[in-house]
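There are 2 protein chains.
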Amino acid sequence: MTSPERNPVPTLADVARLARVSTATVSRCLNSPDQVVDKTRARVLQAVSELGYTPNFGARALAAKQTDTVGAVIPTMENAVFARGIQAFQEELGRHGKTLLIASSAYQAALEEEQVRALVARGADALLLIGYERDQWLYEFLQRQSVPTLVAWSHDAGREQPAIGFDNKTSMAELARLVIRQGHRKIACISAPTVSNDRARGRVEGIRLAMSEAGMRADDLALVETPYGIENGEAAFRTIMAEAPGTTVVMCGNDVLAMGALRAAHAMGLRVPDDVSVTGFDDIELAMLAEPALTTVHVPHREMGRRAAGLLIQMLRDPEAVESVQLTTDIKLRRSLGPADG
Amino acid sequence: MTSPERNPVPTLADVARLARVSTATVSRCLNSPDQVVDKTRARVLQAVSELGYTPNFGARALAAKQTDTVGAVIPTMENAVFARGIQAFQEELGRHGKTLLIASSAYQAALEEEQVRALVARGADALLLIGYERDQWLYEFLQRQSVPTLVAWSHDAGREQPAIGFDNKTSMAELARLVIRQGHRKIACISAPTVSNDRARGRVEGIRLAMSEAGMRADDLALVETPYGIENGEAAFRTIMAEAPGTTVVMCGNDVLAMGALRAAHAMGLRVPDDVSVTGFDDIELAMLAEPALTTVHVPHREMGRRAAGLLIQMLRDPEAVESVQLTTDIKLRRSLGPADG
DNA sequence: TGGTGGTTTGTAAGCGCTTACATTTGGAGA
DNA sequence: TCTCCAAATGTAAGCGCTTACAAACCACCA
Numbered sequence: 280m281t282s283p284e285r286n287p288v289p290t291l292a293d294v295a296r297l298a299r300v301s302t303a304t305v306s307r308c309l310n311s312p313d314q315v316v317d318k319t320r321a322r323v324l325q326a327v328s329e330l331g332y333t334p335n336f337g338a339r340a341l342a343a344k345q346t347d348t349v350g351a352v353i354p355t356m357e358n359a360v361f362a363r364g365i366q367a368f369q370e371e372l373g374r375h376g377k378t379l380l381i382a383s384s385a386y387q388a389a390l391e392e393e394q395v396r397a398l399v400a401r402g403a404d405a406l407l408l409i410g411y412e413r414d415q416w417l418y419e420f421l422q423r424q425s426v427p428t429l430v431a432w433s434h435d436a437g438r439e440q441p442a443i444g445f446d447n448k449t450s451m452a453e454l455a456r457l458v459i460r461q462g463h464r465k466i467a468c469i470s471a472p473t474v475s476n477d478r479a480r481g482r483v484e485g486i487r488l489a490m491s492e493a494g495m496r497a498d499d500l501a502l503v504e505t506p507y508g509i510e511n512g513e514a515a516f517r518t519i520m521a522e523a524p525g526t527t528v529v530m531c532g533n534d535v536l537a538m539g540a541l542r543a544a545h546a547m548g549l550r551v552p553d554d555v556s557v558t559g560f561d562d563i564e565l566a567m568l569a570e571p572a573l574t575t576v577h578v579p580h581r582e583m584g585r586r587a588a589g590l591l592i593q594m595l596r597d598p599e600a601v602e603s604v605q606l607t608t609d610i611k612l613r614r615s616l617g618p619a620d621g
Numbered sequence: 280m281t282s283p284e285r286n287p288v289p290t291l292a293d294v295a296r297l298a299r300v301s302t303a304t305v306s307r308c309l310n311s312p313d314q315v316v317d318k319t320r321a322r323v324l325q326a327v328s329e330l331g332y333t334p335n336f337g338a339r340a341l342a343a344k345q346t347d348t349v350g351a352v353i354p355t356m357e358n359a360v361f362a363r364g365i366q367a368f369q370e371e372l373g374r375h376g377k378t379l380l381i382a383s384s385a386y387q388a389a390l391e392e393e394q395v396r397a398l399v400a401r402g403a404d405a406l407l408l409i410g411y412e413r414d415q416w417l418y419e420f421l422q423r424q425s426v427p428t429l430v431a432w433s434h435d436a437g438r439e440q441p442a443i444g445f446d447n448k449t450s451m452a453e454l455a456r457l458v459i460r461q462g463h464r465k466i467a468c469i470s471a472p473t474v475s476n477d478r479a480r481g482r483v484e485g486i487r488l489a490m491s492e493a494g495m496r497a498d499d500l501a502l503v504e505t506p507y508g509i510e511n512g513e514a515a516f517r518t519i520m521a522e523a524p525g526t527t528v529v530m531c532g533n534d535v536l537a538m539g540a541l542r543a544a545h546a547m548g549l550r551v552p553d554d555v556s557v558t559g560f561d562d563i564e565l566a567m568l569a570e571p572a573l574t575t576v577h578v579p580h581r582e583m584g585r586r587a588a589g590l591l592i593q594m595l596r597d598p599e600a601v602e603s604v605q606l607t608t609d610i611k612l613r614r615s616l617g618p619a620d621g
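As given, the protein sequences belong to chains A and B, one line each in that order.
Okay, so the first sequence: first residue is 280 according to this note's numbering, each after it adds one.
Okay, so the second sequence: first residue is 280 according to this note's numbering, each after it adds one.
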């Protein structure tokens, strides 16, 4: 740790020497203070502060075989949704004396694998991962390493992998039903790439499901996939309007894409919702501030983060006895969605 | 690491045994492969994958005395500004084979100290901190531990602490001059808490500086301090309008507060910029999307993050030879700022 | 064939900490 | 004052890895 020689960083042994006790006593002072008599403890603590001693985490982990550390791999911090959820996750972990290690995968499977290995190597006692979709061997690896793993932002009752989240398909289907009830028949969708992203895929499927239910052909959905980003949403919107003229509503896989759609519509001189309706997903702050305000699916990101922490801590205690939890989402009906006939 | 017994996690020794070589050879295979003859290496690698071996980071750090890890303590991930900068920071670090450990302090000094200790204990070879302002002993502690530390999001030519950032005061002063040139004389400011936040304080001082230059009394600035958050910005705006009637421009310490101001103005039936102008700081995505679009100070967050990584790596090589770098900001003049007379 | 010197591999000593187990200590009770 | 036992402290064996240093190996040349 820290650079080579220079001023040698004080160690447990230094403290012990200065306090005239054994290293075991110093260790106990730090980890289970009430096993040490007051006078000794005072002397040790004095030495600790005199030397400015900080325990070496690596050594401690090595000896104690546990790190009180939890790891999380998220696609990107730039997505407010994750930033918010993870912040809550971290706060709750902190409350339980755990530390969070964060890594980001930029939505790339290979990078995610690498980060998972890195976190495990660093001794993460447990892991939070986003969505189910990843190579099976990764799950096996984690199992072999006995690292309890929780999936978040997704929930599929059919899987046994512990998870906390909501059913992306169901949530989006609900919104789509509402859209259809408003009379929309020419529906388009701007989605995040669905390859290796079960959340994005679920949302698209949700729309198709609602269409089928309504007697429409699911294949009629005009679909454009594009990476995260407002500009991408804009471009996608233009593509849709060019390739699927007559579209009356554009349902977006997330709020950021929807913001792009809104902007593009505005730039193209289309009125929302009179000429075309737009919906989002996530309900980030932006959604309410948009002009017109965005109809979207509200996801309790903070709650999810907070409860994910609780679940993970529970898994650490008893890896078997965990129940996945399904959160509910609700629709925020705002001005960007109107009836089909304008 | 990982849970107690259960299925024992494979160690270097296990690999060595399976490959019929010494642990030293396995270690070399992993760290300096070309010191090992091909045939042996193949055998070892085979064993590694057969066992699903992952090196134990703690042990490695302990033995090798370096971690290739850099730590960062930011106020909160929920602030898009930091999320963006840190993302770039991380990407650049990754390019150099370094790993990033992130912690957040929720703008609380005590928490920051704690997190710094935690990161150092975890063996962070270097640290990124936001702004200069913190207890002197923390700097001393870091020096004693020989942990090179870089300050970001601030730059004060007068300090010798290595930093990368911009001069908050100068940048805001520039915007304030523009505001004043537009004829504004009744100026108000909504700022983040200035206690232990040199960035916020610098921005306020910038406004005062420009006022003095223009022959106005710096004390006439109507100032409200409030924590980060749109709602807080809204409340602050109402306070200002109540306590400093006649205010023609509200300059905000950051874009999020400005968004709140914009909303409050809208809710109060005030037209922006006809009845009152609003400005922000940071130029986050929201600024451009706001209605009306927000006049603000553009800060190159991504570039800052990227270059911060470069600097830190340089400091790791030669802790002495680092030059602080001052980034330049520029004003984005958008519709939310208009002349004083409406 | 033996000697030479560079490669490849092995040996073993830690890195800083925790913890089982052994030893010492200090009172309470007799 | 002397026992005796629980509480406090010390001793020392690792935890999994890296790396000096030593040993073994392998051409290659004389």
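Backbone N, C-alpha and C fix where the C-beta goes; we use that ideal spot for every residue, glycine too.
- [ ] Could you confirm whether any beta carbon from chain B is found closer than 8 Å to the beta carbon of N335(A)?
- [x] Yes, its Cβ sits closer than 8 Å to a Cβ of chain B.
Open item on the list: Buried or exposed, going by whether 16 or more other CB atoms sit within 10 Å of the CB of D554(B)?
Closed with: Counting Cβ neighbours within 10 Å, D554(B) comes out exposed, since fewer than 16 surround it.
TODO: Pick out whichever of A405(B), I563(B), E371(B) has its Cα sitting closest to the Cα of M594(B).
DONE: The shortest C-alpha separation from M594(B) is found at A405(B).
TODO: Using alpha carbons as the reference points, say which of N476(B), E484(B), S470(B), P427(B) lies closest to E453(B).
DONE: With distances taken between Cα atoms, E453(B) lies closest to E484(B).
- [ ] Using three-state DSSP, classify I610(B) as helix, strand or coil.
- [x] Secondary structure at I610(B): strand, using DSSP grouped into helix, strand and coil.
Task: Counted within 10 angstroms of its Cβ, other Cβ atoms place N533(B) as buried (16 or more) or exposed - done: Classification of N533(B): buried, given that the 10 Å Cβ count is 16 or more.
- [ ] Drop a sphere of 10 angstroms on the beta-carbon of P506(A), count the other beta-carbons inside from all chains shown, and report buried for 16 or more, exposed for fewer.
- [x] It counts as exposed.
Open item on the list: Let me see if you follow: with CB-CB separation under 8 Å, is E513(B) close to chain A or not?
Closed with: Answer no: the Cβ-Cβ gap between E513(B) and chain A never drops below 8 Å.
Task: Residues that R246(A) contacts on chain B, provided the C-beta gap is smaller than 9 Å - done: Because chain A in this structure spans residues 280 to 621, residue 246(A) falls outside the shown range and cannot be described.
Open item on the list: Please classify K318(A) as buried or exposed, where buried requires at least 16 neighbouring CB atoms within 10 angstroms.
Closed with: Classification for K318(A): exposed.
Task: Per-residue contacts from A397(B) into chain A (C-beta, under 7 Å) - done: Residues of chain A whose Cβ lies closer than 7 Å to the Cβ of A397(B) are, in chain order, T378.
TODO: Measure the beta-carbon distance from S470(A) to R482(A) and round it to whole angstroms, keeping in mind my assumption that it falls under 8 Å.
DONE: That belief holds up - the Cβ atoms of S470(A) and R482(A) are roughly 7 Å apart, short of 8 Å.
- [ ] Could you tell me which chain A residues have their CB closer than 8 Å to the CB of V288(B), listed as they occur along the chain?
- [x] Residues of chain A passing the Cβ test: R423, Q424, S425.
Task: Sequence ranges, alpha helix (DSSP H) only - wholly within the segment 318 to 375 of chain A, length at least 4 - done: Fully enclosed alpha helix (DSSP H) runs of 4 or longer: 336 to 343, 359 to 374.
Open item on the list: Give me the DSSP bridge partner(s) of G444(B).
Closed with: Answer is Q605(B).
- [ ] Measuring only between beta-carbons, confirm whether E599(B) sits less than 8 Å from chain A.
- [x] Any Cβ of chain A closer than 8 Å to the Cβ of E599(B) would place that residue at the interface, and such an atom is absent.
Task: 9 Å Cβ cut-off: residues of chain A touching E510(B) - done: The contacting residues do not exist; E510(B) stays about 10 Å from chain A at best.
- [ ] Closer than 7 Å by beta-carbon distance: list the chain A residues that pair up with F420(B), in chain order.
- [x] Under the 7 Å cutoff, chain A gives G331.
Task: Cβ shell of V426(A) (< 8 Å), same chain only, five flanking positions each side left out - done: Excluding residues within five positions, the ones whose Cβ falls inside 8 Å are V399, A403, D404, A405, L406.
Task: N358(B) classed as buried or exposed, judged by whether at least 16 other C-beta atoms fall within 10 angstroms - done: N358(B) comes out buried.
Task: Span separating the alpha-carbon of A397(B) from that of Q605(A) - done: Looking at the backbone, the Cα of A397(B) and that of Q605(A) are separated by about 34 Å.
Open item on the list: Which of the three DSSP states is assigned to S272(B) in this structure?
Closed with: Past the boundaries of the shown model lies residue 272(B); chain B is included only from 280 to 621, so the question cannot be answered.
Open item on the list: Check whether chain A comes within 8 Å of E564(B), counting only Cβ atoms and requiring the distance to be less than that.
Closed with: Closer than 8 Å: yes.
Task: Entirely enclosed alpha helix (DSSP H) segments - the segment 408 to 483 of chain A, minimum 4 residues - done: 415 to 423, 447 to 460, all fully within the segment 408 to 483 of chain A.
Task: Proximal chain A residues relative to E570(B), where beta-carbon distance stays under 9 Å - done: Ordered by position in chain A, the residues that pass the 9 Å Cβ test against E570(B) are L568, A569, E570.
Task: Opening and closing residue of the alpha helix (DSSP H) in which I592(A) lies - done: Under the DSSP assignment, I592(A) falls in the alpha helix (DSSP H) whose first and last residues are 580 to 596.
- [ ] Throw me the rounded Cβ distance for the I466(A) and M490(A) pair, which I believe falls under 8 Å.
- [x] Distance from I466(A) to M490(A) at the Cβ level is roughly 7 Å; contact confirmed, criterion being Cβ atoms closer than 8 Å.
Task: Which residues DSSP lists as bridging H577(A), in chain order - done: Beta-bridge pairing by DSSP links H577(A) to D561(A), D609(A).
- [ ] Please classify M626(B): is it buried, with 16 or more other beta-carbons within 10 angstroms of its beta-carbon, or exposed?
- [x] Because residue 626(B) is not part of the residues shown, which for chain B are 280 to 621, the question remains open.
TODO: Use the C-beta contact count for S311(A): other C-beta atoms within 10 angstroms, 16 or more gives buried, fewer gives exposed.
DONE: Around the beta carbon of S311(A), a 10 Å sphere encloses fewer than 16 other beta carbons of the protein chains shown; the residue is thus reported as exposed.
TODO: Write down every uninterrupted run of the beta strand (DSSP E) in the segment 485 to 558 of chain B whose length is 3 residues or greater and which is fully enclosed by it, in chain order.
DONE: Complete beta strand (DSSP E) runs here, min 3: 501 to 504, 528 to 531, 556 to 558.
Task: Close-in-space but distant-in-sequence residues of the same chain around R542(B) (CB under 6 Å, 5 per side omitted) - done: E513.
- [ ] Could you tell me whether the Cβ of Q387(A) comes closer than 8 Å to any Cβ of chain B?
- [x] Q387(A) does not count as touching chain B.
Task: Beta bridge counterpart(s) of L380(A) as assigned by DSSP - done: The beta-bridge partner set that DSSP reports for L380(A) consists of G350(A).
Task: Expected contact under 8 Å - CB spacing of E492(B) and E570(A) to nearest Å - done: That belief does not hold up - the Cβ atoms of E492(B) and E570(A) are roughly 37 Å apart, past 8 Å.
- [ ] For P283(A), decide whether its Cβ has a neighbour in chain B, counting only Cβ atoms nearer than 8 Å.
- [x] With a pLDDT of 34 at P283(A), under the threshold of 50, the modelled position of this residue cannot be trusted; read the value that follows with caution. Among the CB atoms of chain B, one or more fall inside 8 Å of the CB of P283(A).
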